[in-house]
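The numbering used here runs 56 ahead of the 1-based position in the sequence shown. Ideal Cβ placement from N, Cα and C applies to all residues, glycine included. As the structure is a computational prediction, the values presented were derived from the model and not from experiment.
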Amino acid sequence: MDASVARFPHLDHFLNAYMHQDWRLFGDSVEAVLLSYAKDTSLDDIKRLRSEIDAFIAAEGDRLELAYHALYPNS
């Protein structure tokens, strides 16, 4: 298992399932995709996703963009 999947499973799922190269299947904007995700999941999972996003940002700091593209090249 990839370390990012183990550390950020909800973020990994969201990016790979919703924000992939065909993300427009879920809506015409990032906000619409987030609403689609919210309809498909539980409130607890939404809270976990938000927490993982915050943790990822905090962990990567100035390297955020590089780390993101390295882990999620299709997102």
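Should D68 be labelled buried (16 or more other beta-carbon atoms within 10 Å of its own) or exposed? Against the sequence shown, residue 68 aligns to sequence position 12. Buried, since its Cβ has 16 or more Cβ neighbours within 10 Å.
What whole-angstrom Cβ distance do E108 and F64 have, given they're in contact under 8 Å? Within the sequence shown, the letter at position 52 stands for residue 108. Within the sequence shown, the letter at position 8 stands for residue 64. Sure, about 4 Å apart at Cβ, within 8 Å.
Nearest-angstrom Cα separation, counted from H125 out to A115: Here residue 115 is taken as the residue at index 59 of the sequence shown, counted from 1. Here residue 125 is taken as the residue at index 69 of the sequence shown, counted from 1. If I take the Cα positions, the gap works out to 15 Å.
Just to confirm, are A111 and I102 a CB contact at a threshold of 8 Å? As a working mapping, residue 111 is identified with position 55 in the sequence shown. As a working mapping, residue 102 is identified with position 46 in the sequence shown. Contact flag unset, no.
Smallest Cα separation from L105: which of P129, L90 and Y128? Position 49 of the sequence shown, counting from 1, holds the residue named residue 105. The alpha carbon of L105 has as its nearest neighbour, out of P129, L90 and Y128, the alpha carbon of L90.
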